[in-house]
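Right, one structure below, let's go through it.
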Amino acid sequence: MAGEVFDPKKAEKLVDPSRQETVPVEKVLELLQLSGEEKVADLGAGNGYLTLPIAKETKDRVTAVDLQFEMLELLASRAEGEGITNIERMKSSLDALNLPDASFHRAVAAFVLHEVPDLHQTLSEVHRILMENSRLLILDWEKVDGEQGPPKAHRIASNELAEKVAEEGYDVEVGHLNNEVYYIVATK
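Mapping of the sequence shown onto the working numbering: residues 624 to 811, in sequence order.
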């Protein structure tokens, strides 16, 4: 599993408008089912492709977690440029989150779980920080040869990841945004 961490020198690629074709923000927001009052954790937030739109949809705090300080700095700059003030940044690995138990209504992990060294530990940590009746949205690359994303060898098949998520105690729904990108909606 554990692929390479995304290179911050390629960060602009993550917010390029053409990314909407692969990962439509409106669909992500629909899958998260935000009412406007949720605390949300964006795990592997990068430079904020999803963080900023999520922050615009909720009055509460959005915690952007990323392993790379450079990505969080880019996120902060973008948020400041758009006048968004409800984002808290945290530099952390996903398998040891310095966040309180049961403190989030929603979490999103977009294109990051194929990079983590210990998937079970990461999923356990995410489960720990989510409240009861919460929702985890996972987006990742299907295990196929593709034009975008990591090599096939670094990807996790949707059925394999769904099984691992279900083992953590979630109800799981799997769908596809396109041939290469799948989502898992996991309800706690």
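Glycine included, C-beta positions come from ideal geometry on N, C-alpha and C. Just so it is clear, the structure is predicted and the values come from calculations on it, not from any experiment.
- V797 is bridged by DSSP to I807.
- In this structure, A699 is the residue among A699, W764, E770 with its C-alpha nearest to the C-alpha of E711.
- Separation of E703 and M713 (C-alpha to C-alpha, rounded to the nearest whole angstrom) is 16 Å.
- In the three-state reduction of the DSSP assignment, F692 falls in the helix class, which pools H, G and I.
- If you look at R751, you'll find it in the alpha helix (DSSP H) that goes 742 to 752.
- In the three-state reduction of the DSSP assignment, K662 falls in the coil class.
- From the listed residues L666, A780, V795, the smallest Cα separation to V804 is found for A780.
- Distance from the CA atom of S757 to the CA atom of L695, rounded to whole angstroms, is 25 Å.
- I710: member of the beta strand (DSSP E) spanning 710 to 714, first to last residue.
- With distances taken between CA atoms, E705 lies nearest to A678 out of H750, A719, A678, E738.
- Bounds of the beta strand (DSSP E) holding V731 are 727 to 733.
- Contact between N802 and V767 holds: CB atoms are separated by about 7 Å, below the 8 Å threshold.
- In this model, H728 and P676 are separated by some 17 Å (Cα to Cα).
- In this structure, T810 places its C-beta atom within 9 Å of the C-beta atom of L759.
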